[in-house]
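Asker: Dropping the structure in here first, questions after.
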Amino acid sequence: MGNIHKLSAAVVAISFAAAASAAHANEVRVFNWSDYIAPETLEKFTERTGIEVTYDVYDSNETLDAALLAGRSGYDVVVPSTHYFTRQISAGVYQPLNPELLPNLSNLNAELMANLEGIDAGGEYSVPYMWGTNGLGYNVDRVREILGDDAPVDSWALLFDPEITTALSDAGCGLSMLDSGDEMLSPAMAYLGLDPLSENIEDLEAGGELIAGVRNNMTYFHSSRYVADLANGDICVAAGYSGDIFQAAERAEEAGRDFSVGYSIPKEGAALWFDLMAVPADAPNTENAHAFINFILDPEIAAEITEYVRYANPNAAANEYLSEEILNDPAIYPETDTMQNLYVAIEKPQNVQRARTRIWNRVKSGR
């Protein structure tokens, strides 16, 4: 894998201040997830448009949310996830997009776009960047060695069953979960047979209790560290984002590891999510922001990014530029039956969100 520009929290904080400076006609400032663009994409954009790119990264929606709500972030394009977006629209942090500056909107998959109608009707404020699922990444060889050939790799039991996680942990098999109550309580509820999108506090508490029961078997809670650790063999089971786990699998193969990394969408249900490109209300370079978004919607560029990050793109016209390996991989582009078992997380009422945060903090602290 190529090197991606990564920033520490301290550097990102400095970037917030620097980014708030005056606009420049030949510049666009982009704030995106780490490891989430092909190495050559930004250079190609500059070659095609003459616009220079300042590109900063983050590894949680909370980091982006804080920057946007504080105001004057200085960024022109940001990439929030669907379950934060509705509230952010209500908070007035985005400006409506100008479709006349986005002719490549016609490339989008209309059927897939229907999933976003309850989040941003008509795409007034956003354009989808990539989409994927949350699921399980696992060291195929190590898990089978410990649990046998019938290891439940297609089930959240691999992370939520106390007996299974104890067996893995005792054998030196590290386990991790995403550091997000939003993204871990829902699969916990699904595993219990509850509605993963439930707003019932008792259901959320049940999900929290399930995770608390396996907390001591977890190596850590983190939303990006697992990529390198799966690839290196430092952990062998992780809840994570589909493309991240595919990247870990590729890194392990390239490094000549004596194991392979697999990915599964658990049978109990999993999250289908979209990351969206949006323009902050106070973006200093609005026209350049639209130029960048329209560039990403170019089918060849969208395909190039998908090939690198291993996340599906929403661009129907990009399919002809994708390799058969990617296009026919059901873990990247799930089959219809699997799609029907996925759920799209949406913003919750404040009382529910506060309850999720409280429960998650309690789970992590062990109190």
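Heads up, the final residue of the sequence shown is numbered 430 in the numbering used here, and it's a clean run with no missing numbers.
Here a beta-carbon is modelled for each residue, glycine too, at the ideal position from N, C-alpha and C.
Closest by CA to N279, which one among E246, E208, A230, S323?
Answerer: Reading the sequence shown from its first residue, position 216 is the one you call residue 279. For the residues E246, E208, A230, S323, the minimum Cα distance to N279 belongs to A230.
Asker: Looking only at DSSP bridge pairs, what is E90 linked to?
Answerer: Residue numbering aside, residue 90 sits at position 27 when the sequence shown is read from its first letter. For E90, which the question treats as bridged, DSSP gives the partners E115.
Asker: With a CB to CB cut of under 7 Å and the five nearest residues on each side skipped, what residues in its chain are close to L257?
Answerer: By one-based count along the sequence shown, residue 257 stands at place 194. Once the five neighbours on either side are set aside, the close Cβ partners of L257 are D266, A269.
Asker: Rounded C-beta distance between A312 and S323? I'm assuming under 8 Å.
Answerer: Position 249 of the sequence shown, counting from 1, holds the residue named residue 312. Position 260 of the sequence shown, counting from 1, holds the residue named residue 323. Their Cβ separation, rounded to whole angstroms, is 7 Å, which keeps A312 and S323 in contact under 8 Å.
Asker: Distance check for Y384 and L179, CA to CA, integer angstroms please.
Answerer: One-based indexing of the sequence shown puts residue 179 at position 116. One-based indexing of the sequence shown puts residue 384 at position 321. Their backbone Cα atoms lie some 25 Å apart in a straight line.
Asker: Rounded to whole angstroms, what's the CA-CA distance from P159 to S386? Just pull it up for me.
Answerer: The sequence position of residue 159 within the sequence shown is 96, counting from 1. The sequence position of residue 386 within the sequence shown is 323, counting from 1. When rounded, the distance between both Cα atoms is 34 Å.
Asker: Using the rule of at least 16 other Cβ atoms within 10 Å of the residue's Cβ for burial, across every protein chain shown, is R430 buried or exposed?
Answerer: Taking the sequence shown and counting its residues from 1, one reaches residue 430 at position 367. Counting Cβ neighbours within 10 Å, R430 comes out exposed, since fewer than 16 surround it.
Asker: Taking the continuous beta strand (DSSP E) assigned at G303, which residues delimit it?
Answerer: Position 240 of the sequence shown holds residue 303. 300 to 304 is the extent of the beta strand (DSSP E) around G303.
Asker: When you compare the CB positions of W219 and P329, do they come within less than 8 Å of one another, or not?
Answerer: Here residue 219 is taken as the residue at index 156 of the sequence shown, counted from 1. Here residue 329 is taken as the residue at index 266 of the sequence shown, counted from 1. Yes, these two residues count as a Cβ contact at 8 Å.
Asker: Please return the same chain residues whose Cβ sits closer than 6 Å to the Cβ of T112, not counting the five positions on each side in sequence.
Answerer: One-based indexing of the sequence shown puts residue 112 at position 49. Correct list, in chain order: A354.
Asker: Which residue comes first and which comes last in the alpha helix (DSSP H) that contains T453?
Answerer: Only positions 64 to 430 of the chain appear in this structure, which leaves residue 453 out of reach.
Asker: Tell me the DSSP secondary structure of M281 in three-state form.
Answerer: Translated into the one-based positions of the sequence shown, residue 281 becomes position 218. M281 falls in the coil class under three-state DSSP.
Asker: In three-state terms, what does DSSP make of S327?
Answerer: Within the sequence shown, numbered from 1, the residue matching residue 327 stands at position 264. The answer is strand: DSSP assigns S327 an E or B state.
Asker: Between N263, D128, L273, A130, which lies nearest to L255 when the distance is taken from Cα to Cα?
Answerer: The sequence position of residue 255 within the sequence shown is 192, counting from 1. When only C-alpha atoms are compared, the closest one is L273.
Asker: Taking 8 Å as the cut-off, decide whether the C-beta atoms of G244 and D292 are in contact.
Answerer: For the purposes of this step, residue 244 is identified with residue 181 of the sequence shown, where counting begins at 1. For the purposes of this step, residue 292 is identified with residue 229 of the sequence shown, where counting begins at 1. The answer is no: Cβ separation not under 8 Å.
Asker: Does DSSP put F337 in a helix, a strand or coil?
Answerer: Residue numbering aside, residue 337 sits at position 274 when the sequence shown is read from its first letter. Reduced to three states, the DSSP call for F337 is strand.
Asker: Considering only the alpha carbon of each residue, which of D122, R288, A154, V372 lies closest to L132?
Answerer: Taking the sequence shown and counting its residues from 1, one reaches residue 132 at position 69. Measuring from the Cα of L132, the nearest candidate turns out to be A154.
Asker: What ranges does the alpha helix (DSSP H) occupy inside the region 165 to 235, keeping only unbroken runs of at least 4 residues that lie completely in it?
Answerer: As far as the region 165 to 235 is concerned, its whole alpha helix (DSSP H) runs of at least 4 residues are 173 to 176, 203 to 210, 220 to 223, 225 to 233.
Asker: Whose C-beta lies closer than 6 Å to the C-beta of A418 among residues of the same chain, with five residues either side of it excluded?
Answerer: Start at 1 with the first residue of the sequence shown, and residue 418 comes out as number 355. I264, L267.
Asker: Measure the alpha-carbon distance for A85 versus L360 and round it to whole angstroms.
Answerer: Position 22 of the sequence shown, counted from the first residue, corresponds to residue 85. Position 297 of the sequence shown, counted from the first residue, corresponds to residue 360. Confidence at A85 is low in this model, with a pLDDT of 46, below 50, so the placement of that residue is unreliable and no value is reported for it.
Asker: Roughly how many angstroms lie between the CA atoms of D338 and G134, to the nearest whole one?
Answerer: Here residue 338 refers to the residue found at position 275 of the sequence shown. Here residue 134 refers to the residue found at position 71 of the sequence shown. Straight-line Cα distance between these residues: approximately 21 Å.
Asker: Between N295 and the rest of its own chain, which residues show a CB-CB distance below 6 Å, the 5 nearest in sequence each way excluded?
Answerer: Counting from 1 along the sequence shown, the entry for residue 295 is found at position 232. None.
Asker: Indicate whether M240 and F284 have their beta-carbon atoms separated by less than 8 Å.
Answerer: One-based indexing of the sequence shown puts residue 240 at position 177. One-based indexing of the sequence shown puts residue 284 at position 221. Result yes, Cβ atoms of M240 and F284 sit closer than 8 Å.
Asker: Going straight from the alpha carbon of A381 to that of A334, what length do you get?
Answerer: Locating residue 381 in the sequence shown gives position 318, counting from the first residue. Locating residue 334 in the sequence shown gives position 271, counting from the first residue. In a straight line, the C-alpha of A381 is about 24 Å away from that of A334.
Asker: Return the Cβ separation of Y121 and S97 in integer angstroms, given the expectation that the two are a contact with Cβ distance under 8 Å.
Answerer: Position 58 of the sequence shown, counting from 1, holds the residue named residue 121. Position 34 of the sequence shown, counting from 1, holds the residue named residue 97. Rounded, the Cβ-Cβ distance is 7 Å, consistent with contact.
Asker: Quick check: V91 and P343, are their CB atoms within less than 8 Å of each other?
Answerer: Within the sequence shown, residue 91 is the residue found at index 28, counting from 1. Within the sequence shown, residue 343 is the residue found at index 280, counting from 1. In this structure, P343 does not lie closer than 8 Å to V91 by Cβ.
Asker: Can you name the residues that DSSP bridges to A375?
Answerer: Within the sequence shown, numbered from 1, the residue matching residue 375 stands at position 312. For A375, which the question treats as bridged, DSSP gives the partners W194.
Asker: Provide the residue(s) that pair with W96 in DSSP beta bridges, ordered along the chain.
Answerer: On the sequence shown, residue 96 is found 33 positions in, with the first residue counted as 1. Y121, per the DSSP bridge assignment.
Asker: Is it buried or exposed, S78, if we count other Cβ atoms within 10 angstroms and call 16 or more buried?
Answerer: Working through the sequence shown from its first residue, we reach residue 78 at position 15. Model confidence at S78 stands at a pLDDT of 46, short of 50, so the residue's coordinates are unreliable and nothing is read from them.
Asker: Can you check which of these residues, V300, E246, L171, P191, is closest to G235 by C-alpha distance?
Answerer: For this step, residue 235 is matched to residue 172 along the sequence shown. Of the listed residues, the one whose Cα sits closest to G235 is V300.
Asker: Let me check one thing: in DSSP terms, what residues is S144 bridge-paired to?
Answerer: The count along the sequence shown starts at 1 and reaches residue 144 at position 81. Note: S144 sits in a beta bridge opposite D338.
Asker: Given a cut-off of 8 Å, decide if N197 and A302 are closer than it, judged by their beta-carbon atoms.
Answerer: Residue numbering aside, residue 302 sits at position 239 when the sequence shown is read from its first letter. Residue numbering aside, residue 197 sits at position 134 when the sequence shown is read from its first letter. In this structure, N197 lies closer than 8 Å to A302 by Cβ.
Asker: Measure from the alpha carbon of G200 to the alpha carbon of each residue in S261, N89, A315, then state which is nearest.
Answerer: In the sequence shown, residue 200 corresponds to position 137, counting from 1. Out of S261, N89, A315, A315 has the C-alpha closest to the C-alpha of G200.
Asker: Rounding to the nearest angstrom, what Cα-Cα distance links K411 and N202 in this structure?
Answerer: The residue given as residue 411 occupies position 348 in the sequence shown. The residue given as residue 202 occupies position 139 in the sequence shown. When rounded, the distance between both Cα atoms is 34 Å.
Asker: Check the C-beta distance from W194 over to Y374 and give it rounded, since I have them as a contact under 8 Å.
Answerer: Working through the sequence shown from its first residue, we reach residue 194 at position 131. Working through the sequence shown from its first residue, we reach residue 374 at position 311. Indeed, because the Cβ distance is near 7 Å, the residues count as touching under 8 Å.
Asker: Is E370 near I389, with beta carbons less than 8 Å apart?
Answerer: Locating residue 370 in the sequence shown gives position 307, counting from the first residue. Locating residue 389 in the sequence shown gives position 326, counting from the first residue. In this structure, I389 lies closer than 8 Å to E370 by Cβ.
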